[in-house]
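In the working numbering, the protein residues as written are 2 to 356.
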């Protein structure tokens, strides 16, 4: 007499209805597409406003801002093309391609999934560049010309790419799925998605109750991407604390100090957005198997959809936090909300160069 689990596995192998295509749910299927379209619209508006409304005192930095908007569009494109799902159950966490052009080719789909993960790391790098500029503008204004110097621009671009490549390699060489890992996911994929896990492009990590080689290899990948994530957090906190400490002791006019404090608040908001909707859900997804918590397909809503929202929200934060961009945005879409502007010592041309 077969056990209930054995019966499920028997039906799994006998069924010819199973494939690599997975339909998780309406929200998971359409939310990345909706956020992608919104990202295209919002980032296109952002690039236009930066190009047309940036003061000359910003210099070459306006082109960096434009590059951030272009990156967010690329991020959304990859997110829509490589439809990603996530599942955590038992001893294994995994990411998989749920549908789309790569869903039924495990090898090509795995490579596409690694590229999708790389963009997650690249978003960290872009955030770090934001912080570097904020730090330089507020604490080391004499270094501002470096942002117009081709060699420093190249160095920052290579730094961002290097971090992305390290992330890509960590998942490509450490977190690929073998038959053993897939065997732990056979029943969950059959039960929750009616899918053959052996036909699905997948990567992940197995933490306990498996062979030493599998645990060591996949855990190494998790450790590497966790180090990158923790470094980003430390880097942003360190810069924020450095700016705050300098504001406490530096001698400057009340108006200038108020401007710097406002910029620090803006920096804090720009930090909170990606950490709240991107970093925290993803860390939750890949760590819960360590404490024997089965989040199962919940990851598809707490992590996958939240990550898809980031490139749409990111430019909105910058537009609404910078007065010139905010006024240009409302002038286009809500002119009735604009108030007659008066000369304000906090936003003079001289100090705007420090934004």
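A virtual CB, placed ideally from N, CA and C, is assigned to each residue, including glycine. Since this is a predicted model, take the numbers as computed values, not measurements.
Can you tell me which of the three DSSP states residue i falls into?
i           : result
residue 84  : strand
residue 23  : coil
residue 90  : strand
residue 269 : helix
residue 29  : helix
residue 294 : coil
residue 98  : strand
residue 70  : helix
residue 128 : helix
residue 209 : coil
residue 186 : helix
residue 39  : helix
residue 204 : strand
residue 103 : coil
residue 46  : helix
Of the residues the options, which one's Cα is nearest the Cα of residue i?
i           : options             : result
residue 166 : 100, 119 and 228    : 119
residue 193 : 205, 99, 324 and 44 : 99
residue 22  : 158, 110 and 306    : 110
residue 305 : 211, 84 and 155     : 84
residue 334 : 79, 30, 47 and 33   : 47
residue 142 : 244, 34, 51 and 313 : 244
residue 33  : 80, 231, 51 and 174 : 80
residue 129 : 30, 219, 239 and 50 : 239
What residues in its chain sit with their C-beta under 8 Å from that of residue i, if we drop five residues either side in the sequence?
i           : result
residue 153 : 147
residue 327 : 320 and 321
residue 1   : Past the edges of the chain, shown from 2 to 356, lies residue 1, and the structure says nothing about it.
residue 122 : 164, 165, 167, 168, 169, 226 and 229
residue 51  : 63, 66, 67, 70 and 326
Out of curiosity, what's the CA-to-CA distance linking residue i and residue j?
i           : j           : result
residue 185 : residue 172 : 19 Å
residue 297 : residue 254 : 55 Å
residue 235 : residue 242 : 10 Å
residue 76  : residue 41  : 10 Å
residue 270 : residue 237 : 12 Å
residue 25  : residue 223 : 25 Å
residue 113 : residue 201 : 12 Å
residue 72  : residue 44  : 9 Å
residue 117 : residue 252 : 46 Å
residue 277 : residue 227 : 16 Å
residue 8   : residue 90  : Any reading at residue 8 must be qualified, since the residue scores a pLDDT of 49, below 50, and its modelled position is unreliable; the value itself is stated next. For residue 8 and residue 90, the distance between alpha carbons rounds to 20 Å.
residue 127 : residue 285 : 22 Å
residue 97  : residue 36  : 20 Å
residue 103 : residue 131 : 33 Å
residue 324 : residue 53  : 14 Å
residue 250 : residue 168 : 39 Å
residue 274 : residue 160 : 22 Å
residue 289 : residue 331 : 43 Å
residue 313 : residue 162 : 22 Å
residue 87  : residue 212 : 23 Å
residue 209 : residue 280 : 24 Å
residue 180 : residue 95  : 14 Å
residue 1   : residue 157 : Limits of the chain in this structure are 2 at one end and 356 at the other, which puts residue 1 out of reach.
residue 177 : residue 108 : 10 Å
residue 287 : residue 310 : 19 Å
residue 293 : residue 231 : 23 Å
residue 38  : residue 78  : 9 Å
residue 101 : residue 68  : 28 Å
residue 218 : residue 291 : 15 Å
residue 155 : residue 300 : 37 Å
residue 318 : residue 295 : 34 Å
Leaving out the 5 sequence neighbours to the left and right, which residues in its chain are closer than 6 Å to residue i when beta-carbon positions are compared?
i           : result
residue 82  : none
residue 303 : 282
residue 125 : 233
residue 221 : 175
residue 308 : 279
residue 49  : none
residue 30  : none
residue 329 : 50 and 54
Between which residues of its own chain and residue i is the CB-CB distance below 7 Å, once the five residues before and five after are set aside?
i           : result
residue 182 : 93, 205, 207 and 215
residue 198 : 183, 186, 187 and 190
residue 28  : 302 and 306
residue 316 : 43, 44, 47, 70 and 73
residue 145 : 137 and 138
residue 140 : 243, 244 and 247
residue 351 : Its pLDDT being 38, under 50, residue 351 is placed unreliably by the model, and the measurement read from it follows with that caveat. Once the five neighbours on either side are set aside, residue 351 has no close Cβ partner at all.
Say the cut is 7 Å; is the CB of residue i nearer than that to a heavy atom of the ligand SAM?
i           : result
residue 139 : With respect to the ligand SAM, the structure offers nothing, as it holds no ligand at all.
Comparing the C-beta of residue i with each C-beta of chain C, is any distance below 8 Å?
i           : result
residue 174 : Protein chain content of the structure displayed is limited to a single chain, and chain C is not contained in it.
Curious, which full-length alpha helix (DSSP H) runs of at least 4 residues does the segment 149–175 contain?
Annotation note: the segment 149–175 contains the following uninterrupted alpha helix (DSSP H) runs of length 4 or greater, listed N- to C-terminal: 151–175.
What are the uninterrupted segments assigned as alpha helix (DSSP H) that are 4 or more residues long and contained completely in the segment 211–244, given in chain order?
Secondary structure remark: continuous alpha helix (DSSP H) runs of at least 4 residues inside the segment 211–244: none found.
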